[in-house]
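Input: a single structure, listed below in structure tokens.
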Amino acid sequence: MNAKTVVRVADLTGKALDWAVAIATGAEEVKTTEHGVSCIYQLPEGGCWTNFYQPSTDWSQGGLLIDVYRISFVTSGTGPQDEQGNEPIVALTSALHYKVCAGSTHLIAACRAIVATKLGELIRVPAELI
14 MNAKTVVRVA DLTGKALDWA VAIATGAEEV KTTEHGVSCI YQLPEGGCWT
64 NFYQPSTDWS QGGLLIDVYR ISFVTSGTGP QDEQGNEPIV ALTSALHYKV
114 CAGSTHLIAA CRAIVATKLG ELIRVPAELI
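Numbering (our numbering), first residue to last: 14 to 143.
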């Protein structure tokens with residue numbers, strides 16, 4: 014990871030969002046590859062190594078975070094509709110530093126809310142992930 018770019022958490026997607034979640038949740042040995050993010054992340058039974066850390070799209074990884082960070086969701090009246098007529102999903106953290114973030118899926122909204130809660134609304138992300 015060389016150069017980093019400042020990005021709004023609300024704009025994070027894909028590999029950049031997955032990397033930010035790894036950093037925000039304290040994953041170890043976080044590395045970027047051409048395939049995405051590799052790291053050691055925590056499961057209830059201990060650390061787990063993966064070459065494909067994708068909590069923004071993989072329910073086996075991101076779903077656990079929804080429980081850990083006690084994320085709630087709202088979809089009614091949350092904003093402009095997408096091409097299919099769906100309103101954005103809004104995730105609310107119930108942590109000490111309450112944050113609200115939107116996304117096109119529950120996992121994306123939850124991941125953005127976790128990152129914003131832990132790291133703030135603007136973060137520095139490896140430029141190669143943008």
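Beta carbons: idealized from backbone N, C-alpha and C, even for Gly.
Check the DSSP bridge columns for Pro-139 and list the partner residues they point to. The sequence position of residue 139 within the sequence shown is 126, counting from 1. In the DSSP output, where bridge partners are listed per residue, Pro-139 has Lys-17.
From Cys-114 to Ser-69, what does the alpha carbon distance come to, in whole angstroms? Within the sequence shown, numbered from 1, the residue matching residue 114 stands at position 101. Within the sequence shown, numbered from 1, the residue matching residue 69 stands at position 56. Approximately 13 Å between the Cα atoms of the pair.
Helix, strand or coil for Ala-40? Go by DSSP, reduced to three states. Sequence index remark: in the sequence shown, residue 40 carries index 27 (1-based). Coil, per DSSP.
Cα separation between Ile-36 and Val-43? Indexing the sequence shown from 1 puts residue 36 at position 23. Indexing the sequence shown from 1 puts residue 43 at position 30. If you take the alpha carbons of Ile-36 and Val-43, they lie about 8 Å apart.
Where does Leu-132 sit, in a helix, a strand or coil, going by DSSP? Taking the sequence shown and counting its residues from 1, the one referred to as residue 132 is at position 119. Correct three-state label for Leu-132: helix.
At the level of alpha carbons, what is the spacing between Lys-144 and Ile-121? The question about residue 144 has no answer, for the chain in this structure spans 14 to 143.
Length-filtered (3 minimum) beta strand (DSSP E) runs lying within the region 29-89: Those beta strand (DSSP E) runs which fall completely within the region 29-89 and span 3+ residues are 41-46, 49-56, 59-63 and 85-87.
I need the straight-line Cα distance from Leu-30 to Cys-124, nearest angstrom please. Looking up residue 30 in the sequence shown gives position 17. Looking up residue 124 in the sequence shown gives position 111. Looking at the two C-alpha atoms, the distance is approximately 7 Å.
Does the beta-carbon of Ser-18 have 16 or more other beta-carbons within 10 angstroms, so that it is buried, or is it exposed? Reading the sequence shown from its first residue, position 5 is the one you call residue 18. Reading off the sequence, residue 18 comes out as Thr, not Ser. By the 10 Å Cβ count, Thr-18 comes out exposed.
If you draw a straight line from the alpha carbon of Phe-86 to that of Glu-47, how long is it in whole angstroms? Here residue 86 corresponds to residue number 73 of the sequence shown, with the count starting at 1. Here residue 47 corresponds to residue number 34 of the sequence shown, with the count starting at 1. A direct Cα-to-Cα measurement between Phe-86 and Glu-47 gives close to 32 Å.
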